[in-house]
């Protein structure tokens, strides 16, 4: 059976999965990312895991490897200045991994682009030409599909909606700028907004008992579900800003669908409903009532590994055509 | 010689040009748009102009027709609810024109997308994969090229950056929304901003002698060139907002170049310099010092006709591949 390996590189751990062409993931193995100060040693470990699995499954034929990693550049095959990884500078990741698998197509992109590729190949994006995936985790990641292909841009870094500008001079972002979308819309942003709302109101809320460093977007979601008015205000505010920027997205690439993924997306309609209302309000009339905002089709799966392997399957298809 | 016809439909007049594969325009003919209340009669006129030229140039072989028109839909071949045209509803333009030329590829898109296609085939976009064209006229139009192809989006209406949101609740836009980019960045917007600046300042300016309905962006540009401080403030303000939204564009499709076109772009560095400074300020660090903002390569030509004919050449190439 033909199979690809999908490698999801996180700041702490790396997950390696083996995925067939239909998007079924057979095995997932985890190894440490932080343990390896040198990327060469890390890749020795990764390849030994891959080789062990191939040996244990003699009917598998490995056809390609896809990698999802922070600050990854599809065009160059590099990981560049990733703040959460130990390997600094420009790491020629695909070239180094290719030393172990010189015959195979190897491709890399950032996590959110990989999620979009997973959606395209295995999720709700199957058969769609123009859509976007928004991941709401610590930050806001995004992958944009145009005409059935992921958009990489001239430099390989396209699809960074988390750093579009909501409010010039607004909240300080991890990137050093102020007022980026991800400081208003992400799991972290939900907490920031919640404290702002607590400050500006006198209404009671059980969230007043949780310290800043302990609160998560899940706390706010649970409070909302128990009727907390201020928590509702927080999700409404978050959804409203998301919707406004999705209206901007429509003006750029006019997608038919936007799929939400990640921790803060689990709130489902609590964020989708205000986002949809606000998007429609800010949309140019010709775009209204055309764009569906939905949860990702891969919400309960390891979308990162599926996305990384989808990237490999996409390269294989390109070679075949 | 193989040739295509490019038809640029404006609210008042229509220009028809005959363009070879290298982008040389041989003849341009103009006819009224407003004179024809029925699109069928209009198309009879257009086809008679085309046929007369073909008869006068027996060595021409017409291979395709491209059309640039307001509210045109590439996917459907329609013009839909164009505010400045007499033909209301959804006009199946390509189908109707095809009755005269059943053998030929005929394609339509909006003016700014046609300008981007012209830039791609005949202008500074030749050989580029990812760029955008921004037209600064009465409104702000845009065409986005990704991976060497124009972005149409799922519904055929992509590339409407003029209606991205700068300020929620801001200036009233012709589309009915408030705070759209084109109310802050366009030839019309320059005048709006100029009056706002005149109101807020006590400094003298010769622009205080021109009534609102008479002032054009050219008046502001000339005043600036003569040292008018408030006119400089106006172009700086306009460029700053343009730059901020170009930083957002980079987060979407990461273009290598942005080409400016149209009346307000003629100011050149007066708008490009502040736009560039502001774009760099608002860009995510990975995108900095990579994107060139320049005047269109077709500034002194009939870009609308070249763009429309480029659209036809693009369809012909697709058929050949």
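Chains as they are written, first to last, in the working numbering: chain A, 1 to 321; chain B, 322 to 642.
Yeah, the Cβ is synthetic: ideal placement off N, Cα and C, and Gly gets one too.
field: Segments assigned beta strand (DSSP E), at least 3 residues, entirely inside the segment 449 to 490 of chain B
entry: 452 to 457 and 461 to 467
query: What are the residues that DSSP puts in a beta bridge with residue 607(B)?
result: In DSSP, residue 607(B) forms no bridge with anything.
message: Distance check for residue 193(A) and residue 228(A), CA to CA, integer angstroms please.
response: 15 Å
message: Looking at residue 146(A): is its Cβ nearer than 8 Å to the Cβ of residue 467(B)?
response: yes
query: Of all the options 103(A), 69(A) and 112(A), which has the alpha carbon lying nearest to the alpha carbon of residue 91(A)?
result: 69(A)
- prompt: Looking only at DSSP bridge pairs, what is residue 8(A) linked to?
  reply: 15(A) and 68(A)
message: Here's the rule I'm using: 16 or more other beta-carbon atoms within 10 Å means buried, otherwise exposed. How should residue 347(B) be labelled?
response: exposed
message: Relative to the C-alpha of residue 546(B), which candidate in 532(B), 578(B) and 528(B) has its C-alpha closest?
response: 528(B)
query: Among 462(B), 498(B) and 540(B), which one has its Cα closest to the Cα of residue 393(B)?
result: 462(B)
field: Spatial distance of residue 438(B) from residue 215(A) (CA atoms)
entry: 50 Å
query: Using 8 Å as the limit for Cβ to Cβ distance, is residue 569(B) near chain A?
result: yes
message: Between the segment 597 to 604 of chain B and the segment 559 to 569 of chain B, can you find at least three pairs of beta-carbon atoms closer than 8 Å?
response: yes
message: When you compare the CB of residue 497(B) with every CB in chain A, is at least one pair closer than 8 Å?
response: yes
- prompt: Is residue 346(B) helix, strand or coil when you go by DSSP?
  reply: strand
task: Would you kindly work out how many angstroms separate the C-alpha atoms of residue 625(B) and residue 329(B), rounded to a whole number?
output: 6 Å
query: Taking Cβ-Cβ distances shorter than 7 Å, what residues in chain B pair up with residue 155(A)?
result: 575 and 611
message: Using 8 Å as the cut-off, can you tell me whether the segment 609 to 628 of chain B makes contact with the segment 572 to 580 of chain B, which would need three or more C-beta pairs spanning the two stretches below that distance?
response: yes
- prompt: Taking Cβ positions, are residue 30(A) and residue 57(A) nearer each other than 8 Å?
  reply: no
query: Roughly how many angstroms separate the alpha carbons of residue 205(A) and residue 270(A), rounded to a whole number?
result: 18 Å
Same chain only: Cβ atoms within 8 Å of residue 485(B), ignoring 5 sequence neighbours per side: 501, 502, 566 and 569
- prompt: If you compare alpha carbons, which of 522(B), 542(B) and 480(B) is closest to residue 510(B)?
  reply: 542(B)
query: Under three-state DSSP, which class holds residue 546(B)?
result: helix
- request: Could you tell me whether the Cβ of residue 435(B) comes closer than 8 Å to any Cβ of chain A?
  value: no
query: When we look at the beta-carbon of residue 619(B) and count the other beta-carbons within 10 Å, is it buried (16 or more) or exposed?
result: buried
message: Quick check on residue 520(B): buried or exposed, where buried means 16 or more other Cβ atoms within 10 Å of its Cβ?
response: exposed
query: Listed from N- to C-terminal order along the chain, which residues in the segment 526 to 555 of chain B have their beta-carbon within a distance smaller than 8 Å of any beta-carbon of chain A?
result: none
- prompt: Thinking just about the alpha-carbon of each residue, which of 433(B), 371(B), 544(B) and 465(B) is nearest to the one in residue 336(B)?
  reply: 371(B)
query: DSSP on residue 85(A), reduced to helix/strand/coil?
result: coil
Chain A within 8 Å of residue 428(B), Cβ atoms only: no
query: Does DSSP put residue 367(B) in a helix, a strand or coil?
result: helix
message: Please list, in chain order, the chain A residues whose beta carbon lies closer than 7 Å to that of residue 472(B).
response: 146 and 253
message: Between residue 496(B) and residue 284(A), how many whole angstroms is the CB-CB distance? I'm expecting something under 8 Å.
response: 6 Å
- request: Determine the burial state of residue 237(A): buried for a count of at least 16 other Cβ atoms within 10 Å of its Cβ, exposed for fewer.
  value: buried
message: Can you tell me whether residue 382(B) is helix, strand or coil according to DSSP?
response: strand
- prompt: So which residues on chain B does residue 236(A) lean against when the C-beta distance must stay under 7 Å?
  reply: In chain order: nothing, as chain B lies at least about 15 Å away.
task: Look at the Cβ atom of residue 633(B), then the Cβ atom of residue 428(B), and state whether they are nearer than 8 Å.
output: yes
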